Every structure is written in C-alpha cells, then in structure tokens.
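**Student:** Before I ask anything, here is the structure I am working with.
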C-alpha cells in the first residue's frame, strides 16, 4: 500500500459538537482521501458515531467545518449532503422494516435525472454484490436476519452512487460468517473507488481493511497512523482501546 496520500475527499476541521450542554466532540480533525478506507477507533462513548452524524449533517457543530472536495458543507441539511455523494449506514441500520427489499432500495433509486436504464444498472450492480438481496427482493426488510439487514442498509447507500460511505459499526452483533462477508464488501467498494470512513469495534478487521486509522478518546483524536504500522497488541491500542 502506498504511503502517498490520495487527494482529500472529506476534511473535518476542528469540529466541536454538543448534545445540550454536553460537549461531545472537542476539536475533532480528520481527513479521508478519494477512494481511501479510513478507520475510526475508540471505546464506546468517545464520539465516533457523533463524528459521522456531524459529517452527515444530522448534528450541527457549534464550531469547526466539514469540507467535501474543498467545499464547505457544514451547514447543509442531510438530504443535500447525501445528494452530493456522501452515503451513511447508521449503527442501527434504519431500514424500513415494513417495506420490501426492493422498496427499500428504491428509496435511493428514485431520484431526479436517474434514467430507468441507469436504475437497472445500479440494481444489477447491487445484486451482484449481494445475491441474497436479489433472492429476497419481495421480502419485508424487517423479516431479514441482522446480517441481511446490514447488507440491505449498505446496498441502499450504494443506490446513491456515493463518493464515500460512512459505515457505523457494520459488524456489530453479527456471526463470524457475516463479519467475513462485510469485510469482503468493504474491499469490493474500495476496488470500485468508493471511499469509506469506518467506525468499528473490531480492531483486527479495521486495521486489516483500512489504509489509515484515527483513534479517539473523550471527544478528540488522540492518535493517527498508517494501519500497516499498528498491531492489535501495540501499546497505543491497549492505551486507548483496552484490548
């Protein structure tokens, strides 16, 4: 893996975010390059998910800025940010449980300027990634297993043809077989040129999948390194993650 950084795609610059009076993010700065997989590690409650929500426009920072390809998007609403090419797969997946798999996917497909031919291309591409979804296209999302719901959530984000996907705890609660499939999906997205900002408790998977990692503690980035320079048993991993 080359140490030469790709061109910046997402830049988070000195972000401060509050929930009420609680200071959750305390000057977070990070960057994700074009087509790059970047891991965001840290114990529960340090602000990783809030970082993703702030990038996505779901939480408004009190200070700092977020840039997409050099253009400020800090004050944009979430739906506009999505249209600009940022996909988001939240920790709780947020699929529409009463809608079918196909109907869930169409929520990302039914956009202006997307032709019927392009919609078919995108569906075919997603079904190639996730053959299981093709088999269950008429099944209600809420009847899928946890791993299948996670795949549907990722597939729905792919329908937007994103430049980057913000993935929040994609392997949480999944069986090892499903964890392996999620790992393969991250690789496939990376090969397809999609950047990923990965929040994940699975440290070995994160180090293996990512080019770089940031480690957070108490709402701030405390360590940044190439993933290839870290091992699960390194002192810095024990210090900030306790593994």
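Residue numbers (the working numbering): 305 to 547. Glycine is no exception: its CB is placed at the ideal position from the N, C-alpha and C atoms. Predicted model only: the values in this text are computed from it and were never measured.
In chain order, what residues of the same chain have a beta carbon less than 7 Å from the beta carbon of residue 373, not counting five sequence neighbours either side?
**Tutor:** Correct list, in chain order: 313.
**Student:** Roughly how far, in whole angstroms, is the beta-carbon of residue 339 from the beta-carbon of residue 517, given that I think they are within contact range, below 8 Å?
**Tutor:** Contact doesn't hold; Cβ gap of about 17 Å is too wide.
**Student:** Going by DSSP in three states, residue 417 sits in which element: helix, strand or coil?
**Tutor:** DSSP places residue 417 in coil when its eight states are reduced to three.
**Student:** Pull up the distance between the alpha-carbon of residue 460 and that of residue 418, whole angstroms please.
**Tutor:** Their backbone Cα atoms lie some 15 Å apart in a straight line.
**Student:** Considering Cα atoms alone, identify which of 368, 463, 324 and 444 is closest to residue 413.
**Tutor:** The shortest Cα separation from residue 413 among 368, 463, 324 and 444 belongs to 463.
**Student:** How is residue 381 classed by DSSP in three states: helix, strand or coil?
**Tutor:** Residue 381: coil per DSSP, three-state reduction.
**Student:** What residue does the beta strand (DSSP E) around residue 344 start on, and which one ends it?
**Tutor:** Its beta strand (DSSP E) spans residues 341-345.
**Student:** Excluding the five sequence neighbours on either side, which residues of its own chain have a C-beta within less than 7 Å of the C-beta of residue 402, listed in chain order?
**Tutor:** 444 and 446.
**Student:** Determine the DSSP secondary structure at residue 365, reduced to helix, strand or coil.
**Tutor:** Of the three classes helix, strand and coil, the one that applies to residue 365 here is coil, per DSSP.
**Student:** Does DSSP classify residue 475 as helix, strand or coil?
**Tutor:** Correct three-state label for residue 475: coil.
**Student:** Whole angstroms is fine: what's the gap from residue 369's alpha carbon to residue 351's?
**Tutor:** Taking the straight line joining both Cα atoms gives about 16 Å.
**Student:** Using 7 Å as the threshold, is the C-beta distance between residue 474 and residue 454 below it?
**Tutor:** Contact: yes.
**Student:** From residue 333 to residue 448, what does the alpha carbon distance come to, in whole angstroms?
**Tutor:** Taking the straight line joining both Cα atoms gives about 37 Å.
**Student:** Taking DSSP as the reference, what is the three-state secondary structure of residue 521?
**Tutor:** In this structure, residue 521 counts as strand in the three-state DSSP scheme.
**Student:** Specify the secondary structure class of residue 387 as computed by DSSP and reduced to three states.
**Tutor:** Reduced to three states, the DSSP call for residue 387 is helix.
**Student:** For residue 335, which residues in the same chain have their Cβ closer than 6 Å to its Cβ, ignoring the five residues on either side in sequence?
**Tutor:** Here the set comprises 312 and 315.
**Student:** Thinking C-beta only, is residue 490 closer than 7 Å to residue 513?
**Tutor:** Cβ atoms of residue 513 and residue 490: closer than 7 Å.
**Student:** Under the criterion of a Cβ to heavy atom distance below 6 Å, does residue 421 qualify as lining the ligand GTP?
**Tutor:** By its list of ligands, the structure shown contains no ligand whatsoever, and the ligand GTP lies outside what it can speak to.
**Student:** Report the three-state DSSP secondary structure of residue 402 (helix, strand or coil).
**Tutor:** Looking at residue 402 - three-state DSSP - the assignment turns out to be coil, as it is neither helix nor strand.
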